[in-house]
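J.: In this note's numbering, the protein residues as written are 106 to 570.
Questions regarding the structure given below will be posed in turn.
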């Protein structure tokens, strides 16, 4: 392979790996969210698609989950770490070439996921549907990212590790272990043990990856966007070690109604409640850092995305322990309430903080100011209002569902009552996907317009909401 091809596909240019991961994440978000929208429409209009098995709701749902979780969020997280870690370490990323190699491998993984999942080839474990070969590619990608980040930190020019680095380094240590344990490719157990391991993975991909990297990004972005120092480094470390201690055993609260050992259920419920301690240390730090800076949310859209993410994090982490208790779980489990809660975490909390990181980082990676602030505002309101409508409709639908079961009403009677809420969810999905395509269009125009403007450091004076 000639040097020119190597430089083109495995660039060593500073910031190229982060930029390419951001763009890849955005690309897969369009596919993943569109698949989710089509799956949602099929709830409202079951006859929408005929005789196309690839577009059947179960296939769409699997691809939607993996494209959003592994494509959009995970690739976006790697992009953010590739930008934030060198900045915090006051050095360059250890290897841009390795970062770009990982980016291409991850895109190959996502193409494989699309082809296999839409055709129904799956390992049959929720959130762990990818086949053996794709699991191996995921592990190669995670190890490559971890090596690149760890070596960057080793070569840092500062002595003290800022709290975001603790969260990033912890995530890159924990998640590969969680992934190995949770995949049948590496650990295959029979019967009930499979369910226990499956939900160890299903909940810890959230807790030891999406949560920990997302919180690390919040700790990075809020001080940078507001110009205010972090309220308390000690409090941030308490939150970090609290999550490390309490999160791992919580997965069994997904299967409290199954015949798993009672001691395992008890540990899961107690750990879920104890998570309130690190959660509120994190939130105290965030909101105290914002003290005196709330007015900036009006003019600074990336900050608005970040603060909205913090608000959703508060709701997510209050709702989670509440519904993990036995006296609530039996009533709400297997209803649309749980679907709403899952979207509250991934779409509400972590997609919003990733979008904030995207809007913050891209001008610094490319030297170009965003093409249109108006499109950024449109994206925010479509995403915020669309998600709020989705969360509300799914929550009400879940309560209707659980009430129907609790009172012994035949399913064919109360399921009719869910149709209006499924319709509202479809409307909300259209709003969210429209906002994401506006986001992609704005990114395209920013990167490929002729005029290049270096991103200014000053805050805009004009107030627009």
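For every residue, glycine included, the Cβ atom is placed at its ideal position computed from N, Cα and C.
For residue 166 and residue 261, I'd like the C-alpha separation in whole angstroms.
T.: The sequence position of residue 166 within the chain shown is 61, counting from 1. The sequence position of residue 261 within the chain shown is 156, counting from 1. So the two alpha carbons sit approximately 42 Å from each other.
J.: How is the alpha helix (DSSP H) around residue 521 delimited, first residue to last?
T.: Translated into positions along the chain shown, residue 521 becomes position 416. Residue 521 -> no alpha helix (DSSP H), and no H or E assigned at all.
J.: Would a C-beta distance cut-off of 9 Å place residue 175 and residue 208 closer than the cut-off?
T.: One-based indexing of the chain shown puts residue 175 at position 70. One-based indexing of the chain shown puts residue 208 at position 103. Result no, Cβ atoms of residue 175 and residue 208 do not sit closer than 9 Å.
J.: Relative to the C-alpha of residue 289, which candidate in 227, 142, 323, 256 has its C-alpha closest?
T.: Against the chain shown, residue 289 aligns to sequence position 184. Checking every option, the nearest Cα to that of residue 289 belongs to 227.
J.: Quick check on this structure: which residue in 236, 266, 549, 364 has the alpha carbon closest to the alpha carbon of residue 297?
T.: For the purposes of this step, residue 297 is taken as the residue at position 192 of the chain shown. Of the listed residues, the one whose Cα sits closest to residue 297 is 364.
J.: For residue 150, which of helix, strand or coil comes out of DSSP?
T.: Start at 1 with the first residue of the chain shown, and residue 150 comes out as number 45. Coil at residue 150, not helix or strand.
J.: Quick check: the segment 146-155 against the segment 109-129, are at least 3 beta-carbon pairs closer than 8 Å?
T.: Output reads no: the segment 146-155 does not touch the segment 109-129.
J.: In the structure shown, what three-state DSSP assignment does residue 196 receive?
T.: The sequence position of residue 196 within the chain shown is 91, counting from 1. Residue 196 falls in the coil class under three-state DSSP.
J.: Among 500, 508, 492, 480, which one has its Cα closest to the Cα of residue 583?
T.: Lying outside 106 to 570, the shown extent of the chain, residue 583 is not represented and no answer is given.
J.: With a Cβ-Cβ cutoff of 9 Å, do residue 161 and residue 170 count as a contact?
T.: Locating residue 161 in the chain shown gives position 56, where the first residue counts as 1. Locating residue 170 in the chain shown gives position 65, where the first residue counts as 1. Not closer than 9 Å, so no.
J.: Which of the three DSSP states is assigned to residue 484 in this structure?
T.: In the chain shown, counting from the first residue as 1, residue 484 sits at position 379. Correct three-state label for residue 484: helix.
J.: Does the distance from the C-beta atom of residue 383 to that of residue 326 stay below 9 Å?
T.: Here residue 383 refers to the residue found at position 278 of the chain shown. Here residue 326 refers to the residue found at position 221 of the chain shown. Contact flag unset, no.
J.: What residue range does the alpha helix (DSSP H) around residue 298 cover?
T.: Counted from its first residue, the chain shown places residue 298 at position 193. Note, residue 298: alpha helix (DSSP H), 296-310.
J.: Please report the straight-line C-alpha distance between residue 579 and residue 389, rounded to a whole angstrom.
T.: Lying before the first or after the last residue shown, residue 579 is absent from the chain, which here runs from 106 to 570.
J.: By the 10 Å Cβ neighbour count, where 16 or more other Cβ atoms means buried, how is residue 293 classified, buried or exposed?
T.: Within the chain shown, numbered from 1, the residue matching residue 293 stands at position 188. That one is exposed.
J.: Measure from the alpha carbon of residue 464 to the alpha carbon of each residue in 335, 307, 411, 279, then state which is nearest.
T.: The residue labelled residue 464 in the question sits at position 359 within the chain shown. Cα-wise, what sits closest to residue 464 is 411.
J.: In this structure, how does DSSP classify residue 500 when only helix, strand and coil are distinguished?
T.: The residue labelled residue 500 in the question sits at position 395 within the chain shown. In the structure shown, residue 500 sits in a helix (DSSP, three-state: H, G or I).
J.: So, residue 379 versus residue 345, is the Cβ gap smaller than 9 Å?
T.: By 1-based counting over the chain shown, the position of residue 379 is 274. By 1-based counting over the chain shown, the position of residue 345 is 240. Cβ distance not < 9 Å, so residue 379 and residue 345 don't count as in contact.
J.: Looking at the C-beta of residue 329, does it have a partner C-beta in chain D at a distance below 9 Å?
T.: In the displayed structure, chain D is absent; only one protein chain is listed.
J.: Could you check whether the segment 421-432 touches the segment 463-477, counting it as contact only if at least three pairs of C-beta atoms, one from each stretch, sit closer than 8 Å?
T.: Contact between the segment 421-432 and the segment 463-477 is absent, because fewer than three Cβ pairs lie under 8 Å.
J.: Is there contact between the segment 242-255 and the segment 266-281, where contact requires at least three CB pairs shorter than 8 Å?
T.: Touching, yes.
J.: Once you ignore the five residues that flank residue 540 on each side, which residues in its own chain have a CB closer than 6 Å to its CB?
T.: By one-based count along the chain shown, residue 540 stands at place 435. So the qualifying residues of the chain are 484, 487, 488.
J.: Which value, in whole angstroms, describes the spacing of the CA atoms of residue 172 and residue 419?
T.: Reading the chain shown from its first residue, position 67 is the one you call residue 172. Reading the chain shown from its first residue, position 314 is the one you call residue 419. One C-alpha to the other measures close to 25 Å.
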